[in-house]
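Number of protein chains: 2
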Amino acid sequence: MKIYDWPTGPYPARVRIALAEKNLQSRVQFVSVDLWKGEHKKPDFLARNYSGTLPELELDDGTFIAECTAITEYLDALDGAPTLTGRSPREKGLIHMMSKRAELELLDAISVYFHHATPGLGPDVEIYQNAEWGFHQRDKALRGMHYFDGILKRRPFVALDGRHHGHRRLDLCRAREAAGASGVRGSSGLVRKDAGASQR
Amino acid sequence: MKIYDWPTGPYPARVRIALAEKNLQSRVQFVSVDLWKGEHKKPDFLARNYSGTLPELELDDGTFIAECTAITEYLDALDGAPTLTGRSPREKGLIHMMSKRAELELLDAISVYFHHATPGLGPDVEIYQNAEWGFHQRDKALRGMHYFDGILKRRPFVALDGRHHGHRRLDLCRAREAAGASGVRGSSGLVRKDAGASQR
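See below:
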């Protein structure tokens, strides 16, 4: 299978983490799509991914699967441990909830800030910006960091107490890196926790 | 189990559709949370759902699971046909992708329009509005309707060609209703297709 991505993108990183956790890297060929040139907004890319987002997975039968969580779902349903998206109904529900919450309150909020309230990927790619909305989402992300800090003070993982779900914490690690790249100053607690997580 | 929701909310409707498809309604007690009074933004609600969103599922052991897709994931992992979130890795990946895309390009865009560029739930609840962003998202939703129209001209379901995935089309049906309630004028094709879907 092929994965279209860009090495420094925080969303592509989420799938690279899932691949590493599942030990599937050797089965994947990576194809670069240059975000800074806006290659993900060009007609040939949009024809196979309407939303114009990275990463995107191409199966050997030509099927395209976009969206981090969908690609992770696919990879997790293949054989091999660990299980990343949950085993029991309760685990599946909680992991999906916290994954969505990490997007809503942190990852996506930082992304909006980057694309709307900073130069983002440059004027050729950022053809519409709403700076006020960008700053509003930055503030949401900062509140989100404190929220996740609070959770990680009480338990080692964001979604569950158990093992095998480290990538959900690593998602936050990537969020911190994205935040750093975007100029969002996070709370020290999250950084400290994530520094540990990144050394797993 | 209990589900906290509000009868006219489009997101709660998605879970009610999943419950109906799985024939699980009799196992659920519904508890109303009045959106118009902003009960979902009050401290006691936020304490158990940081994002302050409906619907929310409460299991008999006291676990809370928020987010439509997470609740659907939980329900689908319980026994009982049909399977809504996919069986094979490829099905799971494609259904998750299209579910996410329906949110990104339609459901969430309409929600932003409603909350930011209309009076929404009223001044007591809508304490921050960014009308320009709201109108931008309305336009995105209108483009999204045409995109999904195009897909439904080629095949009967949004995510897959097969059966057992009707709720993904019904999601769009609810999007149309939400759009109508919000004053977004959709393309006639989507309305016609969804009129059929709602009669299944």
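Chains A and B supply the protein sequences, listed in that same order.
So in the numbering used here, spot 188 of the first sequence is number 191, and the numbers just go up one at a time.
So in the numbering used here, spot 5 of the second sequence is number 8, and the numbers just go up one at a time.
Note that CB positions come from ideal geometry on N, CA and C, so glycine has one too.
Every value quoted in this text rests on a predicted model; they were computed, and no experiment measured them.
Within-8 Å CB hit, residue i to chain B
| i | result |
| --- | --- |
| E135/A | yes |
| A16/A | no |
| A162/A | no |
| H168/A | For H168/A, the predicted structure reports a pLDDT of 47, less than 50, and the residue's modelled location is therefore unreliable. A value from the coordinates is still provided. So, not an interface residue. |
| T121/A | no |
| S29/A | no |
| S114/A | no |
| L124/A | no |
| M4/A | no |
| T11/A | no |
| L107/A | yes |
| H99/A | yes |
| V194/A | In this prediction, V194/A scores a pLDDT of 35, lower than 50, which makes its location untrustworthy; the coordinate-derived value is nonetheless stated afterwards. No, its Cβ sits nowhere closer than 8 Å to a Cβ of chain B. |
| P58/A | no |
| G96/A | yes |
| S190/A | Note that S190/A has pLDDT 46, beneath the 50 cutoff, so the model's placement of it is unreliable and no number is given. |
| E42/A | no |
| R203/A | Reliability fails at R203/A, whose pLDDT of 31 lies under 50, so the model's placement of it is uncertain and no value is given. |
| K204/A | Past the boundaries of the shown model lies residue 204/A; chain A is included only from 4 to 203, so the question cannot be answered. |
| Y7/A | no |
| L62/A | yes |
| P92/A | yes |
| S54/A | yes |
| L155/A | no |
| G81/A | Looking at the sequence shown, residue 81/A is not Gly but Leu. Closer than 8 Å to some Cβ of chain B, the Cβ of L81/A qualifies, so yes. |
| A21/A | no |
Nearest residue (CA-CA) to residue i, options the options
| i | options | result |
| --- | --- | --- |
| R141/B | K5/B, L107/B and W39/B | L107/B |
| A62/B | T88/B, Q32/B and L87/B | Looking at the sequence shown, residue 62/B is not Ala but Leu. The shortest Cα separation from L62/B among T88/B, Q32/B and L87/B belongs to Q32/B. |
| E135/B | R146/B, V128/B and T121/B | T121/B |
| E24/B | A105/B, K156/B, A84/B and Y14/B | A84/B |
| Y53/B | P15/A, K156/A and Y150/A | Y150/A |
| K5/A | L163/A, P58/A and K44/A | P58/A |
| K40/B | G55/B, V128/B and L78/B | V128/B |
| M101/B | I154/B, Y7/B, V161/B and V34/B | V161/B |
| F138/A | N133/B, T56/B and F138/B | N133/B |
| T56/B | P92/B, K45/B, G65/B and R158/B | K45/B |
| R90/B | L163/B, D8/B, M148/B and A16/B | L163/B |
| T86/A | P15/A, Y14/A and N26/A | N26/A |
| K103/A | P15/B, I68/B and R51/B | I68/B |
C-beta atoms of residue i and residue j nearer than 8 Å
| i | j | result |
| --- | --- | --- |
| A112/B | A80/B | no |
| L49/B | L124/B | no |
| E76/A | T88/A | yes |
| M148/B | L110/B | no |
| V36/A | D82/A | no |
Residue i at chain A interface by Cβ criterion, 8 Å
| i | result |
| --- | --- |
| T86/B | no |
| L173/B | Because L173/B sits at a pLDDT of 49, beneath the cut-off of 50, its placement in the model cannot be relied upon, and the following sentence gives the value as read from the coordinates. L173/B does not count as touching chain A. |
| H139/B | yes |
| I74/B | yes |
| L38/B | no |
Straight-line Cα distance separating residue j from residue i
| i | j | result |
| --- | --- | --- |
| F117/B | E94/B | 32 Å |
| G12/A | T72/A | 15 Å |
| I98/A | D152/B | 32 Å |
| R19/A | Q28/A | 8 Å |
| G96/B | I74/A | 6 Å |
| V34/A | L60/A | 10 Å |
| A212/A | L155/B | Because chain A in this structure spans residues 4 to 203, residue 212/A falls outside the shown range and cannot be described. |
| G169/B | R158/A | For G169/B, the predicted model reports a pLDDT of 45, less than 50, meaning its position is unreliable; a value from the coordinates is still stated below. When rounded, the distance between both Cα atoms is 39 Å. |
| I130/B | H119/B | 10 Å |
| P126/B | R30/A | 53 Å |
| A105/B | R17/B | 12 Å |
| H43/A | T66/A | 18 Å |
| S114/B | P10/A | 33 Å |
| P15/B | D47/A | 36 Å |
| R146/A | D64/A | 43 Å |
| R51/A | L78/A | 20 Å |
| H167/A | P92/B | Legend: pLDDT at H167/A = 49, less than 50; position of this residue unreliable, no value from coordinates given. |
Contact with chain D by residue i, beta-carbon distance below 8 Å
| i | result |
| --- | --- |
| T66/B | Within the model displayed, chain D is absent; protein chains A and B are what it includes. |
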